[in-house]
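Colleague: If you use this note's numbering, the sequence shown corresponds to residues 1 to 373, in order. Pasting a structure here, questions to come.
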Amino acid sequence: MKRPGIVHFLAIKTNHSIQVRAALTLKNYEFKKKSEFGQSMPAFPIQSFSLMAHEFFTIKLVGVTEDRAEIFKKSIDSDSVGNFYFKIPLNESTNKIKTIQVYETSYAPGMELLVGSYFIYTIQDPKHIIISDFDKTLADTRYSTTSDVYKSLSSPVEVFPTLDKSVEKIKRFIDEGYHPFILTASPHFYEEAIRDWLYQHKIFSAGIFLKDYRQIFSLTLGELSPKDLKTQGLYKMGHLFSILSMTGIPQKLVLMGDNFESDPTIYVTLAALLIQSQGPWSIWKKLKNFESFKLSSKQDQYFLSKIYQLENKLNQEKEYRGDDLNIEIKIFIRRKSTEQEVHIPKDYFPELHHLIELYDGYGEDDAKVSEIK
Numbered sequence: 001m002k003r004p005g006i007v008h009f010l011a012i013k014t015n016h017s018i019q020v021r022a023a024l025t026l027k028n029y030e031f032k033k034k035s036e037f038g039q040s041m042p043a044f045p046i047q048s049f050s051l052m053a054h055e056f057f058t059i060k061l062v063g064v065t066e067d068r069a070e071i072f073k074k075s076i077d078s079d080s081v082g083n084f085y086f087k088i089p090l091n092e093s094t095n096k097i098k099t100i101q102v103y104e105t106s107y108a109p110g111m112e113l114l115v116g117s118y119f120i121y122t123i124q125d126p127k128h129i130i131i132s133d134f135d136k137t138l139a140d141t142r143y144s145t146t147s148d149v150y151k152s153l154s155s156p157v158e159v160f161p162t163l164d165k166s167v168e169k170i171k172r173f174i175d176e177g178y179h180p181f182i183l184t185a186s187p188h189f190y191e192e193a194i195r196d197w198l199y200q201h202k203i204f205s206a207g208i209f210l211k212d213y214r215q216i217f218s219l220t221l222g223e224l225s226p227k228d229l230k231t232q233g234l235y236k237m238g239h240l241f242s243i244l245s246m247t248g249i250p251q252k253l254v255l256m257g258d259n260f261e262s263d264p265t266i267y268v269t270l271a272a273l274l275i276q277s278q279g280p281w282s283i284w285k286k287l288k289n290f291e292s293f294k295l296s297s298k299q300d301q302y303f304l305s306k307i308y309q310l311e312n313k314l315n316q317e318k319e320y321r322g323d324d325l326n327i328e329i330k331i332f333i334r335r336k337s338t339e340q341e342v343h344i345p346k347d348y349f350p351e352l353h354h355l356i357e358l359y360d361g362y363g364e365d366d367a368k369v370s371e372i373k
């Protein structure tokens, strides 16, 4: 049976608003396969391949208080692939919202189909955020051959080796009060499989940001294009900006990634924006020359606007806090084998390279960066 269903839903409450990021698609609703012991089997991505379909949706949000009173209602239209992003300003009434009920209202005219009820994550000052890459940082996933891709699609994520040292790191920061977010270049229909993996490793409250392949094949959105199937720069920077837009500027920020692609460059770029207040134009000119940032003219405009939005967020935060922010940033990069070099040009914000620490994901002792390549 097909009906509208949530691909993902994330609601974050900060000092000024509740920010919601969601996506809908038509889903086949079937009972989840159970093992011979009656337990649900781990999801694997190909089960959700139908989420590649896209169309317009309209949802009605109902904000519910702790005592189940309905105090907020609003209808919102999606973009052309079923994505939603919006804010609920906080006032005396909306500040009492504890859960959000979501109804789809356009698929069956005259009917309101309940597609989910979700808790709101509250991030209070002082904000402590940890953002981790998933592939090759938390799990040693492989996609280089056709056989690797088939294995990834047809198996639970747990078939790939777990990088225990990385899992220990992120869980330690969570225990210290950091709110976790997970980035992955995997397609958006991997979310259930990755969520299962996180739950198995007792990481329960992470917001997951995946690469939306529906945008890549959309003729109208233009944020991602077919070239972005292989290049990760624009996608990852865009999601970093989205996370900070939702949470606000943190007092402490931890970034975890790997040394296989562009993570060190991307994270140092974010640090330059947050710590040095590098101008949007200056950052854009530096990044567009990197292989991982092959921007089309339309993406140039999109990327510049994202940097300006972050700069505005920084200025607002300075006015709100009344200080120079003093953001504490740590960057952990999982190394390949026994390498002691980080893949980032020596002349690219060299004054920030000290923020980077190489470590071994399989549990050997941490190693400070000895040289920048």
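In this text, a Cβ means the ideal position worked out from N, Cα and C, and glycines have one as well.
With distances taken from CA atoms, which of K306, G5, N15, D347 is nearest L24?
Modeller: When each option's Cα is compared against that of L24, the closest is G5.
Colleague: Can you tell me the Cβ-Cβ gap for D263 and T184, rounded? I've got them flagged as a contact below 8 Å.
Modeller: At roughly 12 Å, the Cβ-Cβ gap does not stay under 8 Å, so D263 and T184 are not in contact.
Colleague: Report the three-state DSSP secondary structure of N289 (helix, strand or coil).
Modeller: It is coil, neither helix nor strand.
Colleague: Using alpha carbons as the reference points, say which of Y190, D347, I182, I333 lies closest to G207.
Modeller: Comparing Cα-Cα distances from G207 to each of Y190, D347, I182, I333, the minimum goes to I182.
Colleague: Give the DSSP bridge partners of Q101, in chain order.
Modeller: Q101 pairs with V62, S117.
Colleague: Which residues in the same chain have their Cβ closer than 8 Å to the Cβ of L114, if we skip the five residues on either side of it in sequence?
Modeller: Around L114: Q101, V102, Y103.
Colleague: Can you name the start and end residues of the beta strand (DSSP E) that I275 belongs to?
Modeller: Taken as a continuous stretch (DSSP letters only), I275 belongs to no beta strand (DSSP E), being part of the alpha helix (DSSP H) at 263-275.
Colleague: Roughly how many angstroms separate the alpha carbons of Y362 and F260, rounded to a whole number?
Modeller: Their Cα atoms are separated by approximately 15 Å.
Colleague: My output table needs one value for E92: the three-state DSSP class, helix, strand or coil.
Modeller: Coil at E92, not helix or strand.
Colleague: Mind checking which residues open and close the beta strand (DSSP E) that includes A23?
Modeller: Where A23 is concerned, the enclosing beta strand (DSSP E) stretches over 17-28.
Colleague: Can you tell me the Cβ-Cβ gap for I71 and I97, rounded? I've got them flagged as a contact below 8 Å.
Modeller: About 7 Å; that satisfies the 8 Å criterion.
Colleague: May I ask which residues mark the beginning and end of the alpha helix (DSSP H) holding K165?
Modeller: Note, K165: alpha helix (DSSP H), 164-175.
Colleague: Exposed or buried, G63, counting other C-beta atoms within 10 Å across all chains shown (16 or more means buried)?
Modeller: Buried, by the Cβ-count rule.
Colleague: Give the straight-line distance between the Cα atoms of K285 and Q251, rounded to the nearest whole angstrom.
Modeller: Between K285 and Q251, the C-alpha separation is close to 28 Å.
Colleague: With distances taken from CA atoms, which of S132, L352, I174, Y235 is nearest I123?
Modeller: Measuring from the Cα of I123, the nearest candidate turns out to be I174.
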